[in-house]
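For the sequence shown, the numbering used here gives the first residue as -13, with consecutive numbering after it.
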Amino acid sequence: MLEEQGIYAFRNKGSSSFQIFPGSSLTAAMDSPPIFFVKMSIWSSKIVLRTEPQQQVIATSMTKKLSWTNYDIFIGERAIAVDSHSFWSAMWSSKRFFTLPSGLKCVAKRRSKTMMSFVVTELLNNTIIATYEPTSYSYRKAGALRLFAVGHDQLDLTAIFMAIVIMIRIDKDTQAGIASGAVAGGGGG
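This is the structure:
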């Protein structure tokens, strides 16, 4: 169960997965098992959020057909679109718009151009409902996600959580593309 004002530490597990622990400190959390596991497929765009240790799938996400950066989140039978709202700027946009199951419109965006820091804002009241801050000083800890979503149910909280994970995935894919010279202007010569 995600908490409305929960803090979750992301621990790297391989190159594309995370164990999720309650709280912001991995040192304190290591006495208990992880509560969630995020698996990002290296072969496809699929992302899976599941409980630990039960292995129950809570949500999945995949890119939309013919898109590399627009995603659908699936929570049970419900689908939530996470889009850049512009075909031409999708690759370069740092914002993704989505509507929570409760009907509130949100935007997930990059907070900093130099760090993998993200924020989810509820657009009606311009209220921050989640943040993700990376950790640069630890090899094992990737970062911490903080929820400020008082009054939201589990469906909303799961959608918010997955929107942050999608932003992390897009950033990882972009960085991998830059490193391999696969983006415009790279690799020539």
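For glycine and all other residues, C-beta sits at the position ideal for the given N, C-alpha and C.
Skipping 5 residues on each side, what residues in its chain have a beta carbon closer than 6 angstroms to that of residue i?
i, result
"Trp74", "Per-residue confidence for Trp74 stands at a pLDDT of 48, beneath the threshold of 50, marking its modelled position as unreliable; no derived number is given."
"Tyr57", "Ser47, Thr49, Val68 and Ile152"
I need the boundaries of the beta strand (DSSP E) containing residue i, first residue and last residue.
i, result
"Tyr(-6)", "Ile(-7) to Asn(-2)"
"Pro20", "Per DSSP, Pro20 belongs to no beta strand (DSSP E) and is neither H nor E."
"Glu119", "Thr113 to Pro120"
"Pro8", "Ser3 to Pro8"
"Ile66", "Arg64 to Val68"
"Ser47", "Val43 to Thr49"
"Arg82", "Lys81 to Thr85"
"Ile28", "No beta strand (DSSP E) holds Ile28; DSSP gives it neither H nor E."
"Glu108", "Phe104 to Glu108"
"Lys99", "Segment: none, Lys99 is in no beta strand (DSSP E) and carries neither H nor E."
Below 7 angstroms CB to CB, which residues in the same chain sit around residue i once its five sequence neighbours on both sides are set aside?
i, result
"Val43", "Val34 and Arg36"
"Pro250", "Residue numbering for the chain in the displayed model covers -13 to 175; residue 250 lies beyond these limits and cannot be assessed."
Verify whether the separation of the beta carbon atoms of residue i and residue j is less than 9 angstroms.
i, j, result
"Thr121", "Val106", "no"
"Ala130", "Ala45", "no"
"Val24", "Ala149", "no"
"Leu109", "Glu(-11)", "no"
"Ile21", "Ser10", "no"
Please report the Cβ distance between residue i and residue j, rounded to the nearest whole angstrom; I am assuming they are in contact, meaning their Cβ atoms lie under 8 angstroms.
i, j, result
"Arg97", "Ser103", "4 angstroms"
**Request:** Mind listing, in chain order, the continuous alpha helix (DSSP H) runs of no fewer than 4 residues lying wholly within the region 123 to 167?
**Result:** The region 123 to 167 is shown to contain whole alpha helix (DSSP H) runs of 4 or more residues at 140 to 166, in chain order.
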